[in-house]
Structures are given as structure tokens and as C-alpha cells.
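Engineer: Just so you know, the sequences run in chain order L and U.
For the first sequence, this note's numbering assigns the number 1 to the initial residue and increments by one for each residue that follows.
For the second sequence, this note's numbering assigns the number 1001 to the initial residue and increments by one for each residue that follows.
Glycine included, C-beta positions come from ideal geometry on N, C-alpha and C.
What you are looking at is a predicted structure, and each value in this text was computed from that prediction instead of being measured.
Dumping the structure here so I can ask a few things about it.
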Amino acid sequence: MTRKPLPFGIGNLRYLNWFTLASMVALMAIGVCYIYSANAFRASQRLQYLFIDQARLSMLCIVGGFTIALADYRTLLKFSPAFYLGAVVLLTCVIFFGTSRMGATRWIFGIQPSELAKIATIMAIARFLGRHGAAHDTWDLVFVGLVTALPMILVVLEPDLGTALVFAPVAAAMLFVSRTATKTLLTLVAAAVLAAAVVLASVAAEGNPAVPAPLRRAAAGATSFMGNYQKARLLDFVFPDRDPLGRGWNRRQSMIAVGSGGAFGKGFLKGDQNILGYIPQQVSANDFIFSVLAEEKGFAGSAFLLVCYGILLLSVIATGGAAPDESGRLLCVGVATLVFCHAFVNIGMTIGILPITGMPLPFVSYGRTFLASLGLAFGLVQGVAVRSGVQKKRNKVDNEH
Amino acid sequence: MTGRKDDSRGPAWRLAGLAVAMTLALCLLGRRLYGLQIEESGAYSSSQLRQSVRRVLIPATRGRIFDRDGVCLADNRPSYCIALFIEDLRRPGDWSNTVNAVDAKIDELSLALGISRQIGRREIASHIHSRLPMPLLAWQDIDERTLALFSEMVTPNSGMDVYVQPERVYPGGAAFAHLIGRVGREKPEAPDGETPHYDILGMRGRDGIELSRNSHLSGKAGGKLITVNVSGFRHSDTNRPSIPGRDLRLTVASRLQNAAFAALGGRRGAVVALDPRCGDVLALCSSPSFDPAKMTPRIPADLWKSLVSDPGSPLLNRAIGGLYPPGSTFKPVVALAALRHGVPASFTVDCNGVYELGGMRLKCAASYGHGPGIDLRHAIAVSCNPYFCTLGVKIGVDAIDDFAREAGLGAKTGISLPGESAGLVPDDAWKRRTRNQGWRQGDTANLAIGQGFLLATPLQMASVAALIANGGTLYRPRISLDEPVSATRVLELPGRHLDVVRGGMFDVVNGKRAGGRRARVRGISVAAKTGTAEYGPRRNRRKHTWMIAFAPFENPEIAIAAVIEDGESGGLTAAPVVASVLREYFGVEEAPDEESEDSGLSEYEEQNAPEDAETQETTETQEGAGTTSGTTETQENTEGAGGRAPLETGGEP
């Protein structure tokens, strides 16, 4: 009656979420193309061949993702505490032994532990909140808060405020989707809004000579976790015309690139803003890859990219909805939120609706650690899809008997 | 779902809510992208072009100028420059690093080529500051040896190249300096109101034909769009070709021009030769002149200073801008005016050597008078002052003025050259306006002999000669062959009037002991009128000497006016100049025997002429008459009786 299962359960791959896979592969392909375009006119050979690097790793991610998907994600989640601790240790090492690039110490052994920490935290929270029969009391919330805050603080110390800030919405979304009471959630939201307001007001007050000196000193103390450039970026965002040729430069040039792309763009490899260096070459392949795409393919290209992200996010959430257990559900929500935050903040900053932060565009931006961690994350998500498919099949068989 | 308790999971609406929130957020991004890329795309595109595209204007090649026979009078020669391209020499870091690199490159070239530097650090810095994407001209106008040496050093991406810019040359030299004019370096004119970021200096006419026909010669500037990168260095070019300027063919014959200029021999004066049949300018030169070769590409300050302060005013184009009292060359105009006024050609005056009017005494050139019964033709032939004074007073100032104006005096001829003067035909209203004095009969008498307030340019007097020659058509002088032949007006002159005046002018040259016999040309019958106009304070005895002429008498092809400042007399000073132009025109060799026959006489006359130059004695104050106070007419043809003989020889045209 039933077919004989294939070795390693390879036949289970038919339960993969094909929408997720297709949109992911599409985004990876776009990424490889535009990393090529972004660096095609650079003098450095290394930069010119960056896209090959990305293509290789993308394929590795797909294959690795299949492997992870075949394993039971619940078994993998059992290792999440160890994985989490490992990430925290690496983050700590970064602070002491990391290598600096562009004013921030984010790398160690050629990887960015902060990217790994994101997925490790998602796994840890998913496992913790998804355990059987857990009542989500206040202590649970405090524990989740601590689990989130520890890597966050370590990342802030690098300093990398943008990356650190992603932890909060991811954890918040997972809490939101879990059984946490609505009242508790509202309290959390209120606290977050208050904190954001205090930070923003302090930053604005610190740089404003009209504010009395003691108040300014207090404000500086309250925002001491932020670097000066982060404060400046925040102010640039709140007051966009403050400094058009200084820090506002990247934002302005990025908007010119996107806007001048028009409906259908200037054509592949014809983005003047990128070629002429108005989009700085250090960031055109990663943080500002979207500007390159939007300039060369216009609104058609950027809308297509948004549609890809839409399919990706909805299909991951759908996988979560069909997950066999709460931890799988939360895992999908965490990964979807992570991807969403990155995509939204990255695109938002290139079109001038969010401040400039170093948030790469998922699957598209060049960045090995981030791509690898996404490969792991989507392997887990596909694992959830495979498990739910297997379970559905089993239930069907059970019902027939 | 299946077999699981619902309370083990969070509420399903929250998951749906999250999905909806993310979708909405992506839609928000999409809406904003639509705004940027569709609605405001134009503004961003123009910002993009504004910051990365530089428009450069490139001047067109200037047209050449030829004489009517195809002899080149203004040409372009290539001037080789050494250009450095900053984008190939740039250094990272501060701009001063790049300045240093360029500076070092220039030093290196200077050493290798053995030439001294033309630009310093300051010029390099200012070039990098303001004209970064443009080539930096390190050396301009290098010689051939340097060019050869340098060419071997140029390799692709070496950051340097040979750059050619045109330089104007004037093969015609000083004889054509006033006529052709000169050019200055100037930004080319931007087409269609575009504002260029950079421009390469082109040429613009500053004087002469170069100025008046600048738009014809200059063509239309081309352009280049330079895309610059974020640091302002040149990235790529797009070219729009320029439309070269058109060549210009003049009506001037350079051999006549050269002959006229040589005949002037550096004396202050001017010669204008016209074709009376169409108004073509055959020669138009002014002396003293200057070497136009020294004026390009720019005029050295000391040369300019010396030219401006030179008492000979070498920069003045006397042919069109010099104002002189025409003296006796005006008498044919008065004669025609009188004939038209109804005075018969047989009107006679007895000349006893002096003309008296009220308290004014005006002596004739012939101290003892030309004798009794002088008629009009004879009066022209011997240039009898009392005759013309009487005639002028008889017909009145208005009749003279009207005809003079019709003949083109007192107004610009409309020749397409800058700096033309209108001259002056004085009348009662003018005198009241400028001197607060009414017009007197004495003024009329003075006017009738071309003195007093009357002023004319050599070009105007050449037009008068042409008008008499062609029977009454006043052409607008045409300087280039592409201009249409156009007549300013046609005067109704009866043939019998013309015959009398032309006959008189024929006698001036061909009569026995005629005053203008030095204008004779073998085999050609020449008609002319001499003039000697005193100017300045009387004691200085300074005279402008004139001759207007046309030839051949039977069928005139050329009309000439020549003026020489501070000459001896029209017949002695101006006539030989006219003769040499005519000889050149008709291709006639100078006849030595003819000259020697006259030489004895001329010596005699040269001694006597100053004695004969009588001044007008007047009770009125004539000092007010500007340059021509205390005037009289000198006519070396003093033989009163002798002058009558050639009357019979005057042929009918």
C-alpha cells in the first residue's frame, strides 16, 4: 500500500514549502546578479568576483537547507541552548579580540557572530516558549527578555545599534504570537514606546544648545550606549535637511539612484549612480544593493523584489500556522519577523523613510555570515514544513485505519 | 488542528494579524517606491544629471576670409599644446596630493623636453578646483621639435596628450589690418540658452570684418557632455559636433589693396576704391597700420599701449572712420547741385583772384585770378574758388546740402564694417544747435568749396566719385561677395549735367598743365578732382590732401578716393597714390618718360605751391569751426590762362 520510504527520508522533501523555496531562490538569484552589477566597474579584482562568492554560498545554503529540513527540527531545537551560549561566547570574544571595519568591531574568525546570535536567539525563544504546557507567566516574560537582552547588549557594545535593535521586534513578535496575555503585551508595547521616546528626546536634547547644560549631560548619560555617529544618523533621519553633504549624503544619493531609475530602470549594468561612485562602493554590494537594483530595473524591479519578499514572508507564516507544535510555529514567526525587519529597514533607509543603518537585505545583500545564518533559519522553517507534512500524512493513515 | 490541544498554542488571529501587518508594511514600501520612481522620478533624474553631467562648449572652426581672387587673408593654423588629464594623474587622499602629482609630472616633462614651465602650482590648483574634468594645458603653442619629442612620450593612459587649438593668422599683413580686423579669445556662444559648465575659449571678432561678419565666420559651437564620478573626475564623454564657420569671400582685390597701401607708404591717410557699377569695395586701406600677427592670440600689453598712445593713431580705420573736410573734391557735388537748381552750365564768373563777401575775403588759388568769364566746366577744371563761392551763395545752403545728402554725405554708407563715421553736412539748424549762431552767407561760401564745417570720410568721397561715374546710383558699398548688391538711392541726373561735371574732372587730369596730371595712366583716360583742405590753426598751414577719381572715363570701372594727411597738395600728394592704384588695376607699367616730363614742372610748383596757399581773411571769428578754422583752397594749377586750353579736349562720355 504505502511506498517504501527512501533512505534518510529524502522522499519527505516533497513536503517542502515550495513557495518559500521559490521566492528564496529568486531573491538569491537577484542578489548574485546585483552584487555583480554593483561591483562590475570596480578596480579591485576581489570586488569584481564577489558575486561568485555569493553564488557559491547561496547554493551551499540551499543544499544545507535541504539537509536541515530532513532532520527533525525538534531534535535540532534541543541543541538551541548550546547554540545560544556559543553565540554569546563568540559575541563576547568579538568585543575583546574582534577585527574592526568602518569604526565597528563586528568580525571574528571572518564571521559576524551577531548574525548567528539572531538565529540562535530565535531558536532559544522558540524552544522556551514552545515547551509543553508552559504557562506564560511574568517570569517567562522576564526570561525571554533576558535571553533577548544579553546578545542585544553585546551587539550594542560592538557597537552595532541597527543589528541590536532587530532582536526586540523579533522577540516581541514571537511573544505576540505565543499564548502571552494581551494585557501583558500592551504593557510591553507601552514600555517600548516610552523607551524609544526617551532615547529620541535625549539625543535631540544633547545636541541642542538651547537645552540647559545639566539636562544635556543627563541626556548624554541616558544615551551613552549609542555612538556619536548613531546619534547623528538618528538626527539626520528626524531632521533630513540637517546636513545634506555630510551624513545625509548616502541617503540623498540613494534616493537619487532609486528615483532616477524611473518605471523600468536604466538597464542592467547601467546604473550611473553606482558606476560613478555616488553610491559608495564599500556599501553598494551590501547595505545599498537595493539602490543598485532600483536604479537599474526601476519600479518594475523593486516591486518584483517586494512581491518576492511578500511571498516569502506569507509562506513562512503559513508554514508556522500549519506547524505540528508551538515551537515550530514560533520558529517560523521569528524567522519571518527577522527577514521582514531586515527587508523593511534596509529598503526603508534607501528610500528615505528610515534612518541609515547597516542592515543587509536578506538573501540579496553580500554578507557571508548573514546568508549562512539565513540558510540555517530557512532549513529549520522547511523542516517545520516537512514535519507537518509527514504528520498530516501519518494522521491520514491513522484515520484510514 | 489535529490531536493537539488548542491551549498549547497562541491564538490563530495573532498569526494572521502578523501576516497582515507585514503585508501592509510591504505595501507601504511599495507606495513610497511608486512615489519615488514614478511620480517624482523626473526630479531625481535631473538631480542625478545635475550632479554627474558637465556640459562643455567647444567652439567651431572659424571660417577663413579670402579676397575676390581667392587669396587667403585670414586663416587658422594649428597650435599644439601639451594637455594633462587629471583623472589619470589623481592621487587618493587630499587634493593637494593630486596637485603634487601633476606638478611633478610637469617638472618631469619640463626636464625631458627641455622647455621651461608655463604654468605654476597655483594654476594647477585652480584648474583642479574649477575645471577638473577638462584637460589642463601645461604648455601652449609648442614648437615642432618639442612636439616631436613629446609625441614619442605619449602612451595610452599616460595622462597626457597633444591638444590642438586653432590660432588665427593673417597672411595679408598690415595692409589688411583695419579691413579684416582681429579676433580675441572668448567663450563661444551657447546654443539654445544652455548653460555650459565649462567652455573652451573660441575666437570672436573684435574689429573689422572679423567683427561685422562674426556670426557668419564663427559657426555654431559644438558640445561635449562629460560624465563625472563622485570625486568630479571625468568618467566618459558624449560629443555633439560643432558646425564650422563659413568662409567669406571679399570683394576686395588684394593686389589693389597692397598697391594702395604701398603707395601710402606709411603716411597718415586712406585709400578707398569702389566698383562704380555695383558698389563693390575693391580696396580699403588705412595708414599707418599695425602687424596683425602680433595681435594673436592676445595683444601684448606694451604693444597695445604703444598703439593706443601713438600720435599716428594706427588703430583708427581712416577709410571709414576718419573725418576730413573734403575741400575741392566737394566741388563736383556743388556743381551738380547748382545744375539741378537751374543754374546753366554757361553761368560765368570773373575771377580776379579773390572772393569778397561782406567783410570776408577769400583768395583763389590763382593769385591773380583765373581771368574773366569762367564757366562751370572750367571752374571745376581749375578749381576756381571765387566761382564756387559765387555759385554756392547763388543757389543757397539748402540746395547744396540737399544734394550732398542725396549723394550720401552726412550719413553712414552702411558698409558692413564697424567704426564707420557719418560725417557732417552742416546747415542752419545744426549750427544753431551746436554753436548758438545762425548760418551766414560766408558759411555757404566756405561750404561751396568743401571747407568750413563739412566733414566726410574717404569712403563717402569714393561713393561720390562712383556716383558721378555711374550716372547717379548711390550703391551701398559691398565688402563681401555674399552680400547682395543694393543701391541706397538712384539720383535723377540729366546727362548734360553729368557731361559738364565729368568733363571738368577729365580736364583736371588731362588738361594742359592740369592740376591732377599725376593721376594720368598710360592708355587709360582718367577723370579726377583734387582737393587740398587746410585744417587746424592757420599759422600751422596743415593740409589734408585729397583726390577722387574714376576710370576709364568712357566706361568707368573703378572709382577711387585717396586722402593723405599733412600732404603738400591734392595734385602733388594724393594723385600719385591714385595713379599707382589705377596702374595696378589696369595692369599698366609706370611710364618713366611721362614722369620725367613732368618732374621739372612739379619741382617748380612744389616750391611755389606753399606760396600760393592763400588763407582766407575774414573779419568773422572762424576759430569755432573746429578742425577747419581759417580755411582756403590751394590749387597748384595756378596758371589762370593756361588752364582754359584743355576745355576743348574734354570728350563727351
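(1) In angstroms with no decimal places, state the Cα-to-Cα distance between residue 391 (chain L) and residue 1019 (chain U).
(2) Grouping DSSP H, G and I as helix and E and B as strand, with all else coil, what is residue 359 (chain L)?
(3) Could you tell me whether any Cβ in chain L is nearer than 7 Å to the Cβ of residue 1232 (chain U)?
(4) Just to confirm the assignment, what range does the alpha helix (DSSP H) spanning residue 1540 (chain U) have?
(5) Would residue 1048 (chain U) pass as an interface residue toward chain L - the criterion being a Cβ-Cβ separation below 7 Å?
(6) Ignoring anything shorter than 4 residues or poking outside the region 1253-1324 of chain U, list the alpha helix (DSSP H) runs there in chain order.
(7) Residues in the same chain with beta-carbon distance under 6 Å from residue 99 (chain L), minus the five sequence neighbours each way, listed in chain order, please.
(8) Should residue 49 (chain L) be flagged as near chain U, meaning a C-beta pair shorter than 7 Å?
(9) Quick one, are the C-beta atoms of residue 334 (chain L) and residue 174 (chain L) less than 7 Å apart?
(10) Considering residue 1160 (chain U), what are the terminal residues of the beta strand (DSSP E) in which it resides?
(11) Report buried or exposed for residue 1481 (chain U), applying the criterion of at least 16 other Cβ atoms within 10 angstroms of its Cβ.
(12) Measure the alpha-carbon distance for residue 1562 (chain U) versus residue 1547 (chain U) and round it to whole angstroms.
(13) With a floor of 4 residues, list each alpha helix (DSSP H) that falls wholly inside the region 1341-1396 of chain U, ordered by position along the chain.
(14) Listing by chain order, which chain L residues have their CB less than 7 Å from the CB of residue 1198 (chain U)?
(15) In this structure, how does DSSP classify residue 1439 (chain U) when only helix, strand and coil are distinguished?
(16) Can you list, in chain order, the residues of its chain whose CB lies under 6 Å from that of residue 1013 (chain U), leaving out five sequence neighbours each side?
(17) Taking all protein chains shown into account, decide if residue 113 (chain L) is buried (16 or more other Cβ within 10 angstroms of its Cβ) or exposed.
(18) Using beta-carbon positions only, say whether residue 1413 (chain U) and residue 1339 (chain U) come within less than 7 Å of one another.
(19) Excluding the 5 residues preceding and the 5 following residue 1097 (chain U) in the sequence, name in chain order all residues of the same chain whose CB lies nearer than 6 Å to its CB.
(20) Would you please state the rounded distance, in angstroms, between the beta carbons of residue 356 (chain L) and residue 290 (chain L)? I believe it to be under 8 Å.
(21) Is any beta-carbon of chain U found at less than 7 Å from that of residue 384 (chain L)?
(22) Would you please state the rounded distance, in angstroms, between the beta carbons of residue 309 (chain L) and residue 343 (chain L)? I believe it to be under 8 Å.
(23) Would you tell me roughly how many angstroms separate the C-alpha atoms of residue 21 (chain L) and residue 393 (chain L), rounded to the nearest one?
(24) What are the residues of the region 282-307 of chain L that lie near chain U, defined by any Cβ-Cβ distance shorter than 8 Å?
(25) Kindly indicate if chain L contains any beta-carbon less than 7 Å away from that of residue 1235 (chain U).
(26) Show which residues of chain U have a CB atom less than 8 Å away from the CB atom of residue 173 (chain L).
(27) When we look at the beta-carbon of residue 49 (chain L) and count the other beta-carbons within 10 Å, is it buried (16 or more) or exposed?
(28) Scan the region 179-208 of chain L for residues whose Cβ lies nearer than 8 Å to a Cβ of chain U and list them as they occur along the chain.
(29) At a Cβ threshold of 7 Å, is residue 344 (chain L) touching chain U?
(30) Any beta carbon of chain U sitting closer than 7 Å to that of residue 317 (chain L)?
(31) Could you check what DSSP says for residue 1134 (chain U) in three-state terms: helix, strand or coil?
(32) Is it right to say residue 45 (chain L) is buried, meaning 16 or more other beta carbons lie within 10 angstroms of its own, or is it exposed?
(33) Indicate whether at least one CB of chain U lies closer than 7 Å to the CB of residue 176 (chain L).
(34) Could you check the C-alpha separation between residue 382 (chain L) and residue 363 (chain L) for me, to the nearest Å?
(35) Closer than 8 Å between beta carbons: that is the criterion. Which residues of the region 1070-1099 of chain U meet it against chain L?
(36) Verify the contact flag: residue 309 (chain L), CB atom, against every heavy atom of the ligand GDP, threshold strictly below 6 Å.
Structural biologist: For this structure:
(1) Along the first sequence, one-based indexing puts residue 391 (chain L) at 391. Along the second sequence, one-based indexing puts residue 1019 (chain U) at 19. Those two C-alpha atoms are separated by around 24 Å.
(2) For the purposes of this step, residue 359 (chain L) is identified with residue 359 of the first sequence, where counting begins at 1. Three-state DSSP puts residue 359 (chain L) in coil, outside helix and strand.
(3) For the purposes of this step, residue 1232 (chain U) is identified with residue 232 of the second sequence, where counting begins at 1. Output row for residue 1232 (chain U): interface = no.
(4) What you label residue 1540 (chain U) is simply residue 540 of the second sequence in a count that begins at 1. No residue range can be given for residue 1540 (chain U), since it is assigned to no alpha helix (DSSP H) and is classified by DSSP as neither H nor E.
(5) To locate residue 1048 (chain U), count along the second sequence from 1; it is residue 48. Yes, contact with chain L.
(6) 1254-1264, 1301-1309 and 1318-1321
(7) As a working note, residue 99 (chain L) is residue 99 in the first sequence. Same-chain partners within the cutoff: 107.
(8) As a position in the first sequence, residue 49 (chain L) is number 49, starting the count at 1. Cβ-Cβ to chain U under 7 Å: no for residue 49 (chain L).
(9) Your numbering for residue 334 (chain L) matches position 334 in the first sequence. Your numbering for residue 174 (chain L) matches position 174 in the first sequence. Yes, they are a contact pair.
(10) Taking the second sequence and counting its residues from 1, the one referred to as residue 1160 (chain U) is at position 160. Segment 1160-1169, the beta strand (DSSP E) holding residue 1160 (chain U).
(11) Reading the second sequence from its first residue, position 481 is the one you call residue 1481 (chain U). Result: exposed.
(12) For the purposes of this step, residue 1562 (chain U) is taken as residue 562 along the second sequence, with counting starting at 1. For the purposes of this step, residue 1547 (chain U) is taken as residue 547 along the second sequence, with counting starting at 1. If you draw a straight line from the Cα of residue 1562 (chain U) to the Cα of residue 1547 (chain U), it is about 5 Å long.
(13) With a minimum length of 4 residues, the continuous alpha helix (DSSP H) runs that stay inside the region 1341-1396 of chain U are 1376-1382 and 1385-1395.
(14) To locate residue 1198 (chain U), count along the second sequence from 1; it is residue 198. Correct list: empty, because the minimum Cβ distance to chain L is about 18 Å.
(15) Residue mapping note: residue 1439 (chain U) aligns to position 439 of the second sequence, counting from 1. Note: residue 1439 (chain U) maps to coil in three-state DSSP.
(16) In the second sequence, counting from the first residue as 1, residue 1013 (chain U) sits at position 13. No residues qualify anywhere along the chain.
(17) For the purposes of this step, residue 113 (chain L) is taken as the residue at position 113 of the first sequence. Residue 113 (chain L) should be labelled buried.
(18) Residue numbering aside, residue 1413 (chain U) sits at position 413 when the second sequence is read from its first letter. Residue numbering aside, residue 1339 (chain U) sits at position 339 when the second sequence is read from its first letter. For residue 1413 (chain U) and residue 1339 (chain U), no; Cβs fall outside 7 Å.
(19) Taking the second sequence and counting its residues from 1, one reaches residue 1097 (chain U) at position 97. Once the five neighbours on either side are set aside, the close Cβ partners of residue 1097 (chain U) are 1091.
(20) As a position in the first sequence, residue 356 (chain L) is number 356, starting the count at 1. As a position in the first sequence, residue 290 (chain L) is number 290, starting the count at 1. With 8 Å as the limit, residue 356 (chain L) and residue 290 (chain L) do not qualify as a contact, their Cβ atoms being about 13 Å apart.
(21) Indexing the first sequence from 1 puts residue 384 (chain L) at position 384. No - not a single Cβ of chain U is within 7 Å of the one on residue 384 (chain L).
(22) Within the first sequence, numbered from 1, the residue matching residue 309 (chain L) stands at position 309. Within the first sequence, numbered from 1, the residue matching residue 343 (chain L) stands at position 343. With 8 Å as the limit, residue 309 (chain L) and residue 343 (chain L) qualify as a contact, their Cβ atoms being about 5 Å apart.
(23) To locate residue 21 (chain L), count along the first sequence from 1; it is residue 21. To locate residue 393 (chain L), count along the first sequence from 1; it is residue 393. Rounded to whole angstroms, residue 21 (chain L) to residue 393 (chain L) spans 21 Å at the Cα level.
(24) 294, 298, 299, 302, 303 and 306
(25) Residue numbering aside, residue 1235 (chain U) sits at position 235 when the second sequence is read from its first letter. Yes, residue 1235 (chain U) counts as interfacial toward chain L.
(26) The residue labelled residue 173 (chain L) in the question sits at position 173 within the first sequence. Result: 1018.
(27) Taking the first sequence and counting its residues from 1, the one referred to as residue 49 (chain L) is at position 49. Burial call: exposed.
(28) 179 and 180
(29) Here residue 344 (chain L) is taken as the residue at index 344 of the first sequence, counted from 1. True, the Cβ-Cβ gap to chain U drops below 7 Å.
(30) Position 317 of the first sequence, counting from 1, holds the residue named residue 317 (chain L). Yes, residue 317 (chain L) lies at the interface with chain U (some Cβ there is under 7 Å from its Cβ).
(31) Taking the first residue of the second sequence as 1, we reach residue 1134 (chain U) at position 134. DSSP places residue 1134 (chain U) in coil when its eight states are reduced to three.
(32) Taking the first sequence and counting its residues from 1, the one referred to as residue 45 (chain L) is at position 45. Residue burial annotation: residue 45 (chain L) is exposed, with fewer than 16 other C-beta atoms found within 10 angstroms of its C-beta.
(33) Working through the first sequence from its first residue, we reach residue 176 (chain L) at position 176. It does; some Cβ of chain U falls within 7 Å.
(34) Within the first sequence, numbered from 1, the residue matching residue 382 (chain L) stands at position 382. Within the first sequence, numbered from 1, the residue matching residue 363 (chain L) stands at position 363. Going by C-alpha positions, residue 382 (chain L) is about 16 Å away from residue 363 (chain L).
(35) Taking 8 Å as the upper bound on Cβ-Cβ separation, chain L lies near no residue of the region 1070-1099 of chain U.
(36) As far as ligands go, the structure on display features none, and thus does not contain the ligand GDP.
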